[in-house]
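Numbered by my numbering, the letters in the sequence shown go through residues 363 to 480 in order. We put the CB at the ideal spot given by N, CA and C, even for glycine. One structure is given below, encoded as structure tokens.
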Amino acid sequence: MNIQIHAQDFTLTEGLREHVARRLAFALNHGLDRVSRIVVRLSDVNGPRGGVDKRCAIEIRLKGALTVAIEDTEADLYAAIDRVAERAGRTLDRRLSRSRQFSALSLSRKQPLIAEAE
């Protein structure tokens, strides 16, 4: 799993980097084999003024050109990361189950008809 983490308007600590990697690995455990790249963008929208201004945006690129993008803004950056990771995991599970349903449906239609000899 290739994770790129970008921080805007603050320094990215090693603890924050590990928290992002741990939360994503836990939330995306069912679909990790289908993930080709993950881009995480962390930012402080209002700067030093405070408030609900910590933004976490995640873009998950899957093999097969499917992309899942989730964004959330919270007062605490760790809470924003946790919430986005949970939402990304649910969204990824939903998308993968839909793609499995459609591929199973198309496979069942492609089976040849076998006529019995009389």
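Item: Burial state of residue 412 (16 or more Cβ within 10 Å); Value: exposed
Item: Residue 403 versus residue 456: straight-line alpha-carbon distance, rounded; Value: 23 Å
Item: Local conformation of residue 407 per DSSP, three classes; Value: coil
Item: Enclosing alpha helix (DSSP H) for residue 383 [first to last residue]; Value: 376 to 389
Item: Straight-line gap, residue 425 to residue 459 (C-alpha atoms, nearest Å); Value: 15 Å
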